[in-house]
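Scroll down for the structure; my scribbles are underneath it.
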Amino acid sequence: MVYLKLANLPQCWMGNGRNGIGNGDRMSWSLFTFSKTHAGKVRPYNEDALLDMTARRVWVVADGMGGHSAGDVASQMLVDRIERFVLDTPDFGIDELRQMIEVANREIFQYAQVHLDGKTMGSTVVLLFLQDGYFHCLWVGDSRIYLLRDNHLVQKTRDHSQVMELVEQGLLAEEDAEKHPLANVITRAVGVEETVRIDQQSGQLLHGDQFLLCSDGLTKELSNSEIHQIMCADSVNQSGLALLHAALVRGANDNVTCALIKVAKEKQLVQEGVSHSSDATVPVYARRRV
2 MVYLKLANLP
12 QCWMGNGRNG
22 IGNGDRMSWS
32 LFTFSKTHAG
42 KVRPYNEDAL
52 LDMTARRVWV
62 VADGMGGHSA
72 GDVASQMLVD
82 RIERFVLDTP
92 DFGIDELRQM
102 IEVANREIFQ
112 YAQVHLDGKT
122 MGSTVVLLFL
132 QDGYFHCLWV
142 GDSRIYLLRD
152 NHLVQKTRDH
162 SQVMELVEQG
172 LLAEEDAEKH
182 PLANVITRAV
192 GVEETVRIDQ
202 QSGQLLHGDQ
212 FLLCSDGLTK
222 ELSNSEIHQI
232 MCADSVNQSG
242 LALLHAALVR
252 GANDNVTCAL
262 IKVAKEKQLV
272 QEGVSHSSDA
282 TVPVYARRRV
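Numbering of the sequence shown is given in this note's numbering, commencing with residue 2 and proceeding in unit increments.
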């Protein structure tokens, strides 16, 4: 059965200081967000999981793997662990969020040992956290975070995948990676071993920055240049719906999930005449193909 799972969309949120995303000058910021996940047109179920906690500046996309309902269990366990922590913790930083991914890794691994006779079960994860005028990205696997800044789209994450290793070794052209027979093989995942290696990238926020978190169900269907063009729409709501629509038109052979977050300084919004109502060699694990 194919189903559609909705998250909060669109949202506009303002904040500053430690409890918001200010950078010490007490300048207020606005966040315009969109998030949605779709089972796609082929898979009978959705193994992606999505967490949109705009008020706490945390967004997560997870893509489960393992088959026989194990993939959706793994991805949901992961986002549930992070959500519970964020809801229960008044003040936290990126280090604590990293620790929650590590906790989820152990929980998923132990679940597989008990309930799946030790069979492989896991999930990718990308997490975006905004705090004190900076952005922080955490990731495991081949889900991605992009940053659109000054009309330049940059992938802030590096895929933990077999084809990316081939690209970096000069054995495969980057434009051929998505269609390569090994494109579905990832080299890191949350929950497949007792410990997990988590990568991180951080940077300063600028007015107009726009982030995209997505599962590979989107990037399998759309090129970076197509994603760039769509993200330049007038609003994140328009961009988000267009990204999902384009993936579905292409066939959506996998689950498709995306979250868009646009950052704007209040002072700049006033100067630009923008209204607040405008929007808100390593182990290798192969995903099961349906």
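For glycine and all other residues, C-beta sits at the position ideal for the given N, C-alpha and C. Bear in mind that the values here come from a model prediction, so they are computed numbers and not experimental data.
- Beta-bridge analysis with DSSP links Ala50 to Ala63.
- In the DSSP assignment, Ser240 falls within the unbroken alpha helix (DSSP H) covering Val237 to Val250.
- By the Cβ neighbour-count rule, Ser226 is exposed, with fewer than 16 other Cβ atoms within 10 Å of its own.
- In the DSSP assignment, Ser76 falls within the alpha helix (DSSP H) that extends over Ala71 to Asp89.
- For Gln132, the uninterrupted beta strand (DSSP E) segment begins and ends at Val126 to Gln132.
- If the five residues before and after Leu129 are omitted, its C-beta is found closer than 7 Å to the C-beta atoms of Trp60, Phe136, Cys138, Ile146, Phe212, Leu214 and Ile262, all from its own chain and listed in chain order.
- When DSSP states are grouped into helix, strand and coil, Ala260 belongs to the strand group.
- Here the C-alpha atom of Phe35 lies approximately 20 Å from the C-alpha atom of Lys221.
- Within a 10 Å sphere around the beta-carbon of Lys120 sit fewer than 16 other beta-carbons, which makes this residue exposed.
- Counted as a single uninterrupted DSSP element, the stretch harbouring Phe136 is not any alpha helix (DSSP H) but the beta strand (DSSP E) occupying residues Tyr135 to Val141.
- According to DSSP, Lys266 shares a beta bridge with Trp30.
- Judged by DSSP secondary structure, Ile146 falls outside any alpha helix (DSSP H) and instead within the beta strand (DSSP E) spanning Arg145 to Arg150.
- Ranked by Cα distance from Val62, the options Asn47, Ala71, Val80 and Ala56 are led by Val80.
- DSSP, read as helix, strand or coil, puts Leu117 in coil.
- Sorting His39, Arg58 and Gly65 by C-alpha distance to the C-alpha of Val186 places Gly65 at the top.
- DSSP places Leu167 inside the alpha helix (DSSP H), whose first and last residues are Gln163 to Glu169.
- DSSP links Asp200 through a beta bridge to Trp140.
- Per DSSP, His208 lies in no beta strand (DSSP E) and is assigned neither H nor E.
- For Phe35, the secondary structure class from DSSP, reduced to helix, strand or coil, is strand.
- As DSSP reads the structure, Gln156 sits in a beta bridge with Tyr147.
- As computed with DSSP, Cys233 is found in no beta bridge at all.
- DSSP places Leu219 in the uninterrupted alpha helix (DSSP H) bounded by Asp217 to Thr220.
- According to the DSSP secondary-structure assignment, Phe93 is paired through a beta bridge with no residue.
- When beta bridges are read from the DSSP output, Leu223 appears opposite no residue.
- Three or more Cβ pairs closer than 8 Å define a contact, and the segment 242–253 falls short of that threshold against the segment 193–210.
- Taking 7 Å as the cut-off, the beta carbon of Leu52 is found closer than this to the beta carbon of Glu84.
- Your pair Asp217 and Asp177 does not check out as a contact, with CB atoms roughly 16 Å apart and the cut at 8 Å.
- The beta carbon of Thr158 sits closer than 8 Å to the beta carbons of Val127, Cys138, Trp140, Ser144, Arg145, Ile146, Asp200 and Gln202 from its chain, once the five residues preceding and following it are set aside; these are given in chain order.
- Scanning its chain for C-beta atoms nearer than 7 Å, with the 5 sequence neighbours on each side dropped, one finds around Gln205 the residues Gly134 and Tyr135, in chain order.
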